[in-house]
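Trainee:
Numbering (the numbering used here), first residue to last: 7 to 129.
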């Protein structure tokens, strides 16, 4: 084996080690950079998801409360056991502008909506 070929073999070995070291350095840098970025953005993402879920649950709970309130108020505008209006106490059936018989809840719709608005404004 000549001196020239062993030098060439040594140079190739050193070159391969340098390339491998450079690749490992770049890989290490990429992983560290990813970790540095993933942690704060991961925490931010988790916080954002939790906040959105809380807001959604709060909105759903508010809708259920509003629905229950509406049902309770509208239930007052019904025909009672004696055949009268549960809202105003009238024993005469309600009629609309055209003279057609209507349910108490339809006849008192404006009053019901006003009571719902005043109840939501007082919250």
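Using N, Cα and C, we set each Cβ at its ideal position, and we do this for glycine too. Just so it is clear, the structure is predicted and the values come from calculations on it, not from any experiment.
Specify the secondary structure class of residue 97 as computed by DSSP and reduced to three states.
Mentor: Looking at residue 97 - three-state DSSP - the assignment turns out to be coil, as it is neither helix nor strand.
Trainee: Candidates 15, 123, 87: which alpha carbon is nearest residue 79's?
Mentor: Closest option to residue 79, Cα to Cα, is 123.
Trainee: Can you tell me whether residue 50 is buried or exposed? The criterion is at least 16 other CB atoms within 10 Å of its CB, across all chains shown.
Mentor: Answer is exposed; the Cβ neighbour count stays below 16.
Trainee: In the DSSP assignment, what are the bridge partners of residue 85?
Mentor: Bridge partners of residue 85: 91.
Trainee: Rounded to a whole number of angstroms, what is the C-alpha to C-alpha distance between residue 34 and residue 12?
Mentor: Their Cα atoms are separated by approximately 32 Å.
Trainee: Does the distance from the CB of residue 110 to the CB of residue 84 come in under 7 Å?
Mentor: Contact flag set, yes.
Trainee: Candidates 66, 99, 52: which alpha carbon is nearest residue 114's?
Mentor: The shortest Cα separation from residue 114 among 66, 99, 52 belongs to 99.
Trainee: Residue 97 and residue 108 look like a contact to me (Cβ under 8 Å); what is the Cβ gap, rounded to whole Å?
Mentor: Not confirmed; about 16 Å, so no contact.
Trainee: Would you please state the rounded distance, in angstroms, between the beta carbons of residue 125 and residue 75? I believe it to be under 8 Å.
Mentor: Correct: roughly 6 Å between the Cβ atoms.
Trainee: How would you write the range of the alpha helix (DSSP H) that residue 113 sits in, first residue to last?
Mentor: Per DSSP, residue 113 belongs to the alpha helix (DSSP H) from 110–113.
Trainee: Can you tell me whether residue 53 is buried or exposed? The criterion is at least 16 other CB atoms within 10 Å of its CB, across all chains shown.
Mentor: Exposed, by the Cβ-count rule.
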